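Below is one structure, written out as structure tokens, with a few remarks after it.
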Amino acid sequence: MLRVTYERGLHLPDNGLWLDPQGARAFAFVSHAHSDHTARHAKVLATPATARLMRARIAGKREEEALEFGTPHRLGGGLATLLPAGHVLGSAQFYFQSDAGSLLYTGDFKLRPSAAAERTEWCHADTLVMETTFGLPRYRMPPVDEVRAQLIAWCRTLLDDGNTPVLLAYSLGKAQELLCLLRAAGLAVMLHPSVWDMTEIYRELLPGFPHTYARYKHSQVAGHVLIWPPSASRDELTARHQGCRTAIVTGWAVDPGATRRYKCDAAFPISDHADYDDLLRYVDFVKPQQVLTLHGFAAEFAADLRRRGVEAWALTEADQLELKL
Ligand SMILES: [Zn+2]
Numbered sequence: 012m013l014r015v016t017y018e019r020g021l022h023l024p025d026n027g028l029w030l031d032p033q034g035a036r037a038f039a040f041v042s043h044a045h046s047d048h049t050a051r052h053a054k055v056l057a058t059p060a061t062a063r064l065m066r067a068r069i070a071g072k073r074e075e076e077a078l079e080f081g082t083p084h085r086l087g088g089g090l091a092t093l094l095p096a097g098h099v100l101g102s103a104q105f106y107f108q109s110d111a112g113s114l115l116y117t118g119d120f121k122l123r124p125s126a127a128a129e130r131t132e133w134c135h136a137d138t139l140v141m142e143t144t145f146g147l148p149r150y151r152m153p154p155v156d157e158v159r160a161q162l163i164a165w166c167r168t169l170l171d172d173g174n175t176p177v178l179l180a181y182s183l184g185k186a187q188e189l190l191c192l193l194r195a196a197g198l199a200v201m202l203h204p205s206v207w208d209m210t211e212i213y214r215e216l217l218p219g220f221p222h223t224y225a226r227y228k229h230s231q232v233a234g235h236v237l238i239w240p241p242s243a244s245r246d247e248l249t250a251r252h253q254g255c256r257t258a259i260v261t262g263w264a265v266d267p268g269a270t271r272r273y274k275c276d277a278a279f280p281i282s283d284h285a286d287y288d289d290l291l292r293y294v295d296f297v298k299p300q301q302v303l304t305l306h307g308f309a310a311e312f313a314a315d316l317r318r319r320g321v322e323a324w325a326l327t328e329a330d331q332l333e334l335k336l
């Protein structure tokens with residue numbers, strides 16, 4: 012079996028491989044371009060889309076080894092293949108085969124299809140290393156079509172009354188999925204500058220991606236749905252436009268009190284991470300001999316899997332945990 016350790020990133024010591032390390036390395040696989048999955052590495056292995064997005068988001072220069080999905084690549088004494096993770100554009104799972112066994116590392120992933128990310132694929136592996144952001148039974152997302160319809164209806168009602176709906180969503184991934192949804196419903200969309208920057212790359216890379224959207228201009232807000240990063244200041248917006256109503260779009264919206272916690276008027280549970288049921292389904296699809304869990308409710312989900320008869324351990328419980336598999 013492949014030897015795996017966790018030291019602020021997944022490490023395959025016998026193969027000299029680092030997967031999504033948070034400290035700078037000479038060479039690392041980067042699953043996607045969210046900043047919590049990368050650092051100032053000298054050289055990265057990533058999909059072409061992730062490499063492109065990293066150039067726009069992550070400071071510094073790095074050597075890039077771009078690898079297309081589904082193309083086996085000799086690496087670390089084995090064969091590495093990237094599979095779509097469905098999380099954001101270009102997000103990849105890392106599938107590794109060697110004489111010592113096989114491993115599938117999901118990175119951040121989701122199973123539900125989205126207009127702004129590749130369709131998730133999977134394969135059997137001896138060891139499954141998976142993210143477990145929503146690894147508790149209470150994180151079951153409602154049917155996404157219903158939530159999308161509610162979100163569109165919320166926006167339409169506000170626009171009809173001369174108000175401005177503002178959707179709070181991460182600038183990479185969620186924002187572009189919402190843009191596709193709003194444009195398909197015929198609504199005019201205006202983007203915060205940081206969202207606009209990312210969206211221009213989606214338009215460049217994704218055939219069929221909507222071309223009609225505006226960059227934020229305070230004088231032209233009327234009649235538009237705004238997409239705004241949750242972290243960006245809303246002061247200018249609310250000062251200039253009295254009719255602004257905000258909605259957070261996140262999987263955490265299934266928690267009671269989400270509108271109060273995010274200080275907004277509405278909350279819509281659409282997530283870029285697999286929910287609890289999809290995490291269980293994924294284990295079933297991959298049929299691993301052992302599961303290692305990372306992020307979120309890693310220990311709880313691993314314990315849950317053990318109760319279901321699956322060998323499973325949380326990797327993030329200890330920073331220097333070493334497992335001989
Ligand atoms: Zn992510």
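With positions in the sequence shown counted from 1, the corresponding number in this note's numbering is that position plus 11. Even for Gly, the Cβ is constructed at its ideal location relative to N, Cα and C. These numbers come from a predicted model, not from an experiment.
- If you draw a straight line from the Cα of Ser205 to the Cα of Ala39, it comes to about 26 Å.
- Taking 8 Å as the cut-off, the beta carbon of Ala313 is found no closer than this to the beta carbon of Thr327.
- With the rule of 3 Cβ pairs closer than 8 Å, the region 164-175 does not count as touching the region 209-222.
- Around the beta-carbon of His222, fewer than 16 other beta-carbon atoms lie within 10 Å, marking it exposed.
- Bridge partners of Gln104 according to DSSP: Leu94.
- As computed with DSSP, Met201 is found in a beta bridge with Ala225 and Leu237.
- Per DSSP, Lys54 is one residue of the beta strand (DSSP E) stretching across Lys54 to Ala57.
- The Cβ atoms of Gly118 and His48 lie closer than 8 Å to each other.
- For Val99, the secondary structure class from DSSP, reduced to helix, strand or coil, is coil.
- Secondary structure of Pro24 (DSSP, three-state): helix.
- Leaving aside the five residues that flank Pro59 on each side, the residues in its chain whose CB is nearer than 6 Å to its CB run, in chain order, Ala77.
- Assignment of Val41 by DSSP, reduced to helix, strand and coil, places it in the coil class.
- The C-beta distance from Ser230 to Glu188 rounds to 28 Å, too long to fall under 8 Å, and the pair is not in contact.
- Within the chosen limit of 7 Å, ligand 1 does not reach the beta carbon of Asp31 with any heavy atom.
- Relative to ligand 1, the beta carbon of His229 is positioned no closer than 7 Å to any heavy atom.
- Excluding five sequence positions before and after Gly112, the CB atoms of its chain that fall closer than 6 Å to its own CB belong to Met12, Leu13 and Asp137, given in chain order.
- In this structure, the straight-line span from the alpha carbon of Asp286 to that of Leu305 is close to 14 Å.
- Secondary structure note for Phe296: its alpha helix (DSSP H) is the uninterrupted segment Tyr287 to Val297.
- The beta carbon of Arg19 is closer than 8 Å to those of Pro32, Gln33, Gly34 and Asp330 in its chain, skipping five residues each way along the sequence.
- Looking from the CA of Gly254, the closest CA among Phe279, Thr168, Leu291 and Ser109 belongs to Thr168.
- Counting along the chain, the unbroken alpha helix (DSSP H) around Val158 starts and ends at Val155 to Asp171.
- The Cβ atoms of Gly262 and Met152 sit closer than 8 Å to each other.
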